[in-house]
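The structure under discussion appears below in the form of structure tokens.
Written out as structure tokens, the structure is:
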């Protein structure tokens, strides 16, 4: 059952206002498919009925369900690979040199989805930077708008289909425990990460100053003004010598004057311009 | 890139071959079991990459890997085991025998391409061209 124009415009405005996501006019099919599971769970005909009920009731729980269903949660281990190579070969060695007296490392996976990105970073640190186990305070923080994704990331349990996606077999063996048909990240890694709910376009909780920020494949969903605001706020959370990673199709050019692009090993990341911190 | 697909299912061989062609493999050979695969390598030379199933008649995938690794001429071959065997202990055995990577069936095309990317045998940015890095351990 298709979504009536009235309902489509309602959800379009809702996701724009609450998540700053731009839903183009031709995305009616997306609304139908994303809201179908909610409709099914409520015994309704389809997305149109869900949106009609939401408009009539203003039920905050249903609203959150709809918003979460409309957000994209595509992720995989070591996604796109090159940013992780740049982290390993260039960014982390630099950061660790700069902070060798302070011995404090903060990494943020913004819009972390089900956590694969942050756990990938945790494995990379474990494999290549053993010195961090000697007196370093390492904070690995993942945030996401979707509370179900935060719950999944915290549970650290993944299906076989999920562990197939980009995770080297040697790391599957070293950092996962098999639990029936699923795989769970080892307690050693789980203890090192912290996930929480956060809306990048809403109020931000108190956050530390970060050395590395992964804000990948998020800005593409925002309008120009929102991209600028999110980048400006992100830059304020970045410390001296820190690095920001965006998605392959994203850039700060024309959006944030405080950041400049650096290329390394086939990947581009962004640093604060000198004098901006 | 020369690739060898070893699986007793013709349908699976066809799926894997299609993905390898997409990844830029120039030559793709197929074999229905480990012994046939060894014979093919003896007659045609060493491939760059082998995708091998575990459970097959005549010679299974694990024995095939052990046989391949025993021959010093074939030690540079990159091996990915592609199998329904999903126990962690089996992954350990395959890696210990000499497989570089392990992919559990069912899988999708992206999953195999990502494994090849890890091994330096495929680059999403250069899709269609093979980017060989023989003997890569794909170690992150």
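Chains as they are written, first to last, in the numbering used here: chain A, 7 to 283; chain B, 907 to 1046. Just so it is clear, CB atoms sit at the ideal spot from N, CA and C, and this is done for glycine as well.
Under 9 angstroms by beta carbon: chain A residues contacting residue i
i	result
residue 1007 (chain B)	174, 175 and 176
residue 988 (chain B)	Chain A residues near residue 988 (chain B): none, gap ~10 angstroms exceeds 9 angstroms.
9 angstroms Cβ cutoff, residue i in contact with chain A
i	result
residue 1001 (chain B)	yes
residue 992 (chain B)	yes
residue 953 (chain B)	no
residue 1030 (chain B)	yes
residue 983 (chain B)	no
residue 911 (chain B)	no
residue 960 (chain B)	no
residue 964 (chain B)	no
residue 948 (chain B)	no
residue 1020 (chain B)	yes
residue 1045 (chain B)	Residue confidence is low: residue 1045 (chain B) scores 34 on pLDDT, short of 50, so the model does not pin down where it sits. No coordinate-derived value is stated.
Interface residues of chain B facing residue i [CB-CB closer than 7 angstroms]
i	result
residue 170 (chain A)	1009, 1010, 1013 and 1017
residue 269 (chain A)	Per Cβ cutoff of 7 angstroms: no residues; residue 269 (chain A) is ~13 angstroms from chain B at best.
residue 119 (chain A)	Correct list: empty, because the minimum Cβ distance to chain B is about 16 angstroms.
Residues of its chain near residue i, where Cβ-Cβ distance is below 6 angstroms and the 5 sequence neighbours each way are ignored
i	result
residue 1034 (chain B)	With a pLDDT of 41 at residue 1034 (chain B), under the threshold of 50, the modelled position of this residue cannot be trusted, and the question is left open.
residue 990 (chain B)	1011
residue 945 (chain B)	none
residue 1042 (chain B)	Residue placement at residue 1042 (chain B) is flagged as unreliable, the pLDDT there being 34, under the threshold of 50; the coordinate-derived value follows with that caveat. Excluding positions up to five away in sequence, the list reads 1025 and 1026.
residue 18 (chain A)	29
residue 189 (chain A)	164, 169 and 182
residue 1003 (chain B)	968, 971 and 972
residue 224 (chain A)	117
Proximal residues to residue i (C-beta, below 8 angstroms), its chain only, five neighbours per side dropped
i	result
residue 10 (chain A)	54
residue 135 (chain A)	98 and 102
residue 142 (chain A)	109, 110 and 111
residue 158 (chain A)	120 and 121
residue 1046 (chain B)	At residue 1046 (chain B) the pLDDT is 35, less than 50, meaning the model places this residue with poor confidence and gives no usable figure here.
residue 151 (chain A)	25, 73, 74, 77, 117, 203, 204, 205 and 206
Those residues which DSSP pairs with residue i across a bridge
i	result
residue 933 (chain B)	B:908
residue 168 (chain A)	None, per the DSSP bridge assignment.
residue 188 (chain A)	A:185
residue 200 (chain A)	A:147
residue 266 (chain A)	A:277
residue 244 (chain A)	A:216
residue 986 (chain B)	B:957 and B:1007
residue 112 (chain A)	A:145
residue 1001 (chain B)	According to DSSP, residue 1001 (chain B) bridges with nothing at all.
residue 252 (chain A)	A:221
residue 11 (chain A)	Per DSSP, none; premise fails for residue 11 (chain A).
residue 293 (chain A)	No information on residue 293 (chain A) is available, as it lies outside the stretch 7 to 283 that chain A covers here.
residue 27 (chain A)	A:228
C-beta neighbour in chain B for residue i, strict 9 angstroms
i	result
residue 41 (chain A)	no
residue 167 (chain A)	yes
residue 179 (chain A)	yes
residue 122 (chain A)	no
residue 87 (chain A)	yes
residue 247 (chain A)	no
residue 197 (chain A)	no
residue 184 (chain A)	yes
residue 255 (chain A)	no
residue 272 (chain A)	yes
residue 187 (chain A)	yes
Beta-carbon neighbours of residue i, restricted to chain A and to distances below 7 angstroms
i	result
residue 1023 (chain B)	87
residue 998 (chain B)	179
Chain A residues whose Cβ lies nearer than 8 angstroms to that of residue i
i	result
residue 942 (chain B)	The contacting residues do not exist; residue 942 (chain B) stays about 25 angstroms from chain A at best.
Distance between beta carbons of residue j and residue i, contact taken as under 8 angstroms
i	j	result
residue 185 (chain A)	residue 163 (chain A)	7 angstroms
residue 970 (chain B)	residue 951 (chain B)	About 17 angstroms; that fails the 8 angstroms criterion.
residue 128 (chain A)	residue 199 (chain A)	6 angstroms
residue 179 (chain A)	residue 1001 (chain B)	7 angstroms
residue 254 (chain A)	residue 51 (chain A)	At roughly 39 angstroms, the Cβ-Cβ gap does not stay under 8 angstroms, so residue 254 (chain A) and residue 51 (chain A) are not in contact.
residue 154 (chain A)	residue 80 (chain A)	Not a contact, Cβ separation roughly 15 angstroms.
residue 258 (chain A)	residue 237 (chain A)	6 angstroms
7 angstroms CB neighbourhood of residue i in its chain, flanking five on each side removed
i	result
residue 97 (chain A)	218, 249 and 275
residue 234 (chain A)	261 and 262
residue 963 (chain B)	914 and 939
residue 934 (chain B)	909, 911, 923, 926 and 927
residue 92 (chain A)	270, 271, 273 and 275
residue 916 (chain B)	none
residue 216 (chain A)	112, 113, 114, 243, 244, 245 and 248
residue 1015 (chain B)	925
residue 82 (chain A)	122, 171 and 172
Interface residues of chain B facing residue i [CB-CB closer than 9 angstroms]
i	result
residue 82 (chain A)	1016, 1017 and 1020
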